[in-house]
Structures are given as structure tokens and as C-alpha cells.
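Data block below; observations after.
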Amino acid sequence: MDGHDLCFSCSSISPLSSSSSSSTLFTVSREARTEKTLATFTDPTSIFSVLGPKMVAQDFTVDLSKPLVFQVGHLGEDYQEWVHQPIVSKEGPRFFASDFWEALTRTKWWAIPLIWLPVVTWSISRSVWMGLELPRLVLMMVIGIFVWTLMEYSLHRFLFHIKTKTYWGNTIHYLLHGCHHKHPMDGLRLVFPPAGAAVICVPLWNLIQFLSTPTTAPALFGGGLLGYVMYDVTHYYLHHGQPSSKVPRNLKKYHLNHHFRIQDMGFGITSSLWDRVFGTLPPSKAPVKSR
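Following this line, the structure appears as C-alpha cells:
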């Protein structure tokens, strides 16, 4: 099957299968929705279970009917296999027993442009007020967007796809990105929560100020932030939109190929540029799924 011609649909994604004895294509099964806890220890969703160092449980299987975040760490070395067996459902799982923490993990896609575009406008306006000429203003914005595309690729490849096996390693990875691979159609956990993005923006702004001038720093930051907004909105659309034109349709196939066939390649979201540069472009034919 041609990996670039997979006809995935947001509403219906067919299970994948393979006759290869050396590798397995992971599919969504009815059993995956009714996994039971096999280990006999304190309920991992309890608030008391998150205090202190954690031990990885033996023969542990996640119970999807309970909050997931404090369970997944117990999978140990089995976590990587489990998290890359996608459950295709638009209804996402519960993460936390606490309603407060649960709410922080859910974000509507439109909150991203609503919150961050005013910040983009304000940042660019600061450079204008300080006398930055239009050609340099545009150049700084373009550089900011370009740098973001490299950050997008680097974060996705080296942080979001880091291999973990310890309790806290698995838990943090699941919160950062693992949940998206386990439940790729969860529409409320697709864009990055604004609270988390705000925390990241502070050191990035300080770094940009250090590396640039007072007049160019706001435009660079605004351009980078605009690149992020474009990325997050595009990412949501690739999962839930039905593009009719060629470019977005190919991007959708490219990204869903990353989710359902070759998960250790194809890290670009808004383009395949950096995959081409760094040799992580998926092959045109992908007979097996890898992680």
C-alpha cells in the first residue's frame, strides 16, 4: 500500500492489518475499550497514589473506565506499545479525578487564535511603535515563522517522541503527547492548552530579547507566535477537517500516516520541509507500522 495515498477519514479509519510475522500493525479492538486492572495494588487513580516515588507494577493493564494519567506510568516498558495502539473515537477519556485539573486538559480549537492573535498583534505593534521599518518588520515576522517550523519539528521529534519506561517518564509523556497518539481524534486535547503555552512563552520571549534588538524582538516573537497559531489550527484541521484541495489533502494524508503507519517519521505538521532536511521523510511505501 502506498503510504502517501492512504485514504483516511476523520469519521472512519479502517483497522490496519499485516501478514508480516516480524511486525504488527496495531488496530482498535473492542477489548481495548474494556481493559481491566490485573495488578493487585492500591487504585492508581487515587490522589494518594501520586505522592512520593512510584514503582512500576507487574502485569498491569490500564482500565479505560477510570482516569488515565496516574495509571499509564505503571505500564513500564509496555507503555510504548500501549500508547501507540490508537483508539479512534471523538469522545476522549478522562484524565483526572479532579474536575479542576480535568478542565485544564481540555481546549476548544478556536481558543488558540482567540487568545494568541491579540498577543501577536500587540507584539508586532510594539516594533512598529519603536520605529521598525516595514521591510524589516516583515522580514522579522517571516524569520519568526520560519524558526517556529524548526521548533515544531524538533519538539515533535525529540521531546514528544522520547522513549520512556519509568513511572513518571510515562506519565509526563502521556500528558505531553502520548494521549494524542492513543486518542488521535479527541478534539478537546488536540491543541496545546493556553496555560501551558503561556509558561513556555516567557523564557522564549526572554531568549529572543537576549539574541535580538529592542526594536526587532517584538516582531520576531510575534512572527514565531503567529507560526504557532497556524500550526495548532492546522493540526486540528488535519484531524477533523475534510479538505478538498490538493495541498491540505496531502498534508492530512501525510500526518495521518504518522499516526497510523510510521510513527517514528513524518514529524512535520504544517509542512514536510524539515523531514526532508533531516532524513525523516516516510517512504512512499510503508508495509509496517513502527514507533
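When we follow full-length UniProt numbering, the leftmost residue of the sequence shown carries the number 1, and every step to the right adds one.
Note that beta-carbon positions come from the ideal geometry of N, C-alpha and C, so glycine has one too.
The structure displayed is predicted, hence computed values, not measured ones.
Item to complete: With a 10 Å radius around its C-beta and 16 neighbouring C-beta atoms as the bar for buried, classify T280 as buried or exposed.
Response: Counting from one through the sequence shown, the residue named residue 280 turns up at place 280. By the neighbour-count rule (16 or more Cβ atoms within 10 Å), T280 is buried.
Worksheet item: Taking the continuous alpha helix (DSSP H) assigned at D78, which residues delimit it?
Response: Taking the sequence shown and counting its residues from 1, the one referred to as residue 78 is at position 78. Run containing D78: none; DSSP gives neither H nor E here.
Practice prompt. In angstroms with no decimal places, state the Cα-to-Cα distance between M230 and D59.
Written response: For the purposes of this step, residue 230 is taken as the residue at position 230 of the sequence shown. For the purposes of this step, residue 59 is taken as the residue at position 59 of the sequence shown. Going from the Cα of M230 to the Cα of D59 covers about 42 Å.
Worksheet item: Rounded C-beta distance between A219 and L137? I'm assuming under 8 Å.
Response: In the sequence shown, counting from the first residue as 1, residue 219 sits at position 219. In the sequence shown, counting from the first residue as 1, residue 137 sits at position 137. Contact holds; Cβ gap of about 5 Å.
Fill in: DSSP-derived helix/strand/coil call for I172
As a working mapping, residue 172 is identified with position 172 in the sequence shown. Here I172 sits in helix by DSSP.
Worksheet entry | Beta carbon of P243 nearer than 8 Å to that of G266 | Walking along the sequence shown from the start, residue 243 turns up at place 243. Walking along the sequence shown from the start, residue 266 turns up at place 266. No. Outside cutoff.
Worksheet entry | Member of Y254, F260, W101, G92 whose CA lies at the smallest distance from the CA of Y269 | As a working mapping, residue 269 is identified with position 269 in the sequence shown. First, the amino acid is wrong: residue 269 is Ile here, not Tyr. Out of Y254, F260, W101, G92, Y254 has the C-alpha closest to the C-alpha of I269.
Item to complete: Please state whether DSSP places L281 in a helix, a strand or coil.
Response: As a working mapping, residue 281 is identified with position 281 in the sequence shown. In this structure, L281 counts as coil in the three-state DSSP scheme.
Practice prompt. Buried or exposed for G241, please, with buried defined as at least 16 other CB atoms from any protein chain shown within 10 angstroms of its CB.
Written response: Along the sequence shown, one-based indexing puts residue 241 at 241. That one is exposed.
Practice prompt. Look up I112 in the DSSP assignment and say whether it is helix, strand or coil.
Written response: Along the sequence shown, one-based indexing puts residue 112 at 112. Note: I112 maps to helix in three-state DSSP.
Worksheet item: Between the C-alpha atoms of S284 and S272, what's the straight-line distance to the nearest angstrom?
Response: The residue you call residue 284 lines up with position 284 of the sequence shown. The residue you call residue 272 lines up with position 272 of the sequence shown. C-alpha separation (whole angstroms): 13 Å.
Worksheet item: Does DSSP classify I87 as helix, strand or coil?
Response: Stepping through the sequence shown from its first residue, residue 87 is reached at position 87. Here I87 sits in coil by DSSP.
Fill in: Of the residues K108, E81, H74, L238, the one placed nearest P184, counting alpha carbons only
On the sequence shown, position 184 is the one that residue 184 refers to. When each option's Cα is compared against that of P184, the closest is L238.
Worksheet entry | Boundaries of the alpha helix (DSSP H) in which D63 is found, first to last residue | Residue mapping note: residue 63 aligns to position 63 of the sequence shown, counting from 1. Taken as a continuous stretch (DSSP letters only), D63 belongs to no alpha helix (DSSP H), as it is neither H nor E.
Worksheet item: Quick one: what does DSSP say S271 is sitting in, helix, strand or coil?
Response: Start at 1 with the first residue of the sequence shown, and residue 271 comes out as number 271. Coil.
Worksheet entry | Residues near A198 by beta carbon distance below 8 Å, same chain, minus five either side | Here residue 198 refers to the residue found at position 198 of the sequence shown. Correct list: empty, nothing qualifies.
Worksheet entry | Three-pair Cβ contact test at 8 Å for the stretch 160 to 174 versus the stretch 68 to 79 | yes
Discussion item. Quick check on Q242: does DSSP put it in helix, strand or coil?
Written reply: Here residue 242 is taken as the residue at index 242 of the sequence shown, counted from 1. Q242 falls in the coil class under three-state DSSP.
Worksheet item: Taking contact to mean at least 3 C-beta pairs separated by less than 8 Å, is the stretch 206 to 215 in contact with the stretch 84 to 91?
Response: no
Item to complete: Give me the Cβ distance between I124 and G222, rounded to the nearest whole Å; I'm assuming they're in contact under 8 Å.
Response: Against the sequence shown, residue 124 aligns to sequence position 124. Against the sequence shown, residue 222 aligns to sequence position 222. That pair is a contact at about 4 Å.
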